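So the structure is just underneath, and the comments pick up after that.
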Amino acid sequence: MSDSTTMHLKPRENGPRGMSNGGFACGSFAGVVGGTGRVRLHDRVPVDVPLSVADGTPITVSHGAKLLATVEATAAFTLDPPVRPTMAEAERARHGHPLRGVRHPLSNCVVCGPERHDGLRVTPGPLADHPEVLASPFVPTAAYAVDGIVRPAAVWGALDCPSYPAAALRTRRFCLLGSMRAHQVRPISVGEELVVVGWTTRQGSRSVHTASAIIDRTGTVVASADAVWVALRHQWLIRTMSWLRS
């Protein structure tokens, strides 16, 4: 990479309104280190504006004077999910997403937004027999692919939302993605029938360590990630934004 480059993130690949989905942002930034890496988010990432990517240790991503993210390459890895649900089980989990019909800051998220029919439609819900594990089908479309192969940023996006802490989703506690590390084992083709699984690995007072994996019809992991989520200190701010209003 040169000393500094510029990138723009697409407006339709949003999480909160006007901001990038965390997984799409992290996946885009990880591309500068070859695709397998850890991205730490220092602030929300805006869309459709020039972002400066500067070489260094670590690589930094900024908008103007504001540091948005740091990026480091990591070794390849694969994480095994605690369960491997079928497509039917994952579909039932998706329909059990506890915030269906509730307006909240991520209702229009390109990955998990239940009504976002032009998105990835990876809306994770709890598995019936494993309520602490989230799952969703993932059948990628050509809208998120190049020459029939799903873009890496979209793979990171699909891994992002299912890694949300299941307990926080159940209790409607709002968390923000703090960091994400991911590795893709093989290319993913448009139309593949995949399942994304997310689970919690460690719980702190405000931070939660989680993991997620995409599995194919044989149960083979094709991509996986770990993440750190941080709960907002003032949950009442989210309530004033209709997080809990139906």
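Under my numbering, the first residue of the sequence shown is numbered 1114, with each subsequent residue one higher.
Quick reminder that beta carbons are idealized off the backbone N, C-alpha and C, glycines included.
Remember, predicted model here, so these are calculated numbers, not experimental data.
What whole-angstrom Cβ distance do residue i and residue j have, given they're in contact under 8 Å?
i       : j       : result
VAL1152 : SER1292 : 7 Å
VAL1303 : PRO1253 : 6 Å
PRO1237 : CYS1274 : 6 Å
VAL1223 : GLU1305 : About 19 Å separates the two Cβ atoms, so there is no contact after all.
VAL1334 : ASP1193 : 7 Å
ALA1206 : LEU1247 : 7 Å
ALA1295 : ALA1186 : Contact doesn't hold; Cβ gap of about 12 Å is too wide.
LEU1122 : SER1141 : 6 Å
PRO1211 : LEU1282 : 6 Å
How many Å lie between residue i and residue j at the Cα?
i       : j       : result
VAL1174 : VAL1184 : 8 Å
ILE1172 : ALA1203 : 37 Å
TRP1312 : ARG1346 : 23 Å
ALA1280 : GLY1177 : 36 Å
ARG1157 : ASN1134 : 9 Å
VAL1263 : VAL1298 : 13 Å
HIS1322 : TRP1342 : 6 Å
ASP1326 : ALA1336 : Reading off the sequence shown, one finds Ala at residue 1326, where the question assumed Asp. So the alpha carbons of these two residues sit roughly 6 Å apart.
SER1249 : PHE1190 : 22 Å
SER1276 : ALA1182 : 19 Å
PRO1198 : ALA1255 : 25 Å
ALA1340 : ALA1324 : 6 Å
ASP1260 : ALA1188 : 27 Å
THR1314 : PHE1251 : 23 Å
HIS1208 : VAL1196 : 19 Å
ASP1329 : VAL1235 : 15 Å
MET1132 : PRO1218 : 11 Å
Could you say which of the options lies nearest to residue i if we only look at CA atoms?
i       : options                               : result
GLY1136 : GLY1147, VAL1268 and PRO1244          : VAL1268
ALA1338 : ALA1344, LEU1290, LEU1345 and ARG1346 : LEU1290
ALA1344 : HIS1243, PHE1287, GLY1128 and VAL1246 : PHE1287
GLY1169 : VAL1146, VAL1310, HIS1155 and LEU1154 : VAL1146
THR1284 : GLU1245, ASP1231, VAL1309 and ILE1301 : GLU1245
PRO1128 : THR1187, GLY1232, GLY1148 and HIS1210 : A small correction: the amino acid at residue 1128 is Gly; Pro does not occupy that position in the sequence shown. Of the listed residues, the one whose Cα sits closest to GLY1128 is GLY1232.
ALA1201 : LEU1307, SER1320, ALA1336 and VAL1341 : LEU1307
ILE1301 : THR1331, SER1320, ALA1340 and ALA1258 : ALA1258
SER1117 : PRO1159, ALA1167 and PHE1142          : ALA1167
VAL1309 : GLN1316, SER1320 and CYS1225          : CYS1225
For the beta strand (DSSP E) containing residue i, name the first residue and the last one.
i       : result
SER1337 : 1334–1344
HIS1243 : 1243–1251
HIS1322 : 1320–1328
THR1118 : 1117–1120
In the DSSP assignment, find the alpha helix (DSSP H) that holds residue i and state where it starts and stops.
i       : result
MET1132 : Here MET1132 belongs to no alpha helix (DSSP H), and DSSP marks it neither H nor E.
ARG1205 : 1200–1208
- Query: Which full runs of the alpha helix (DSSP H) of 4+ residues lie inside the region 1237–1315, going along the chain?
  - Reply: 1265–1273 and 1279–1284
- Note down, one range per segment and in chain order, each alpha helix (DSSP H) of at least 4 residues found wholly within the region 1131–1194. 1135–1143
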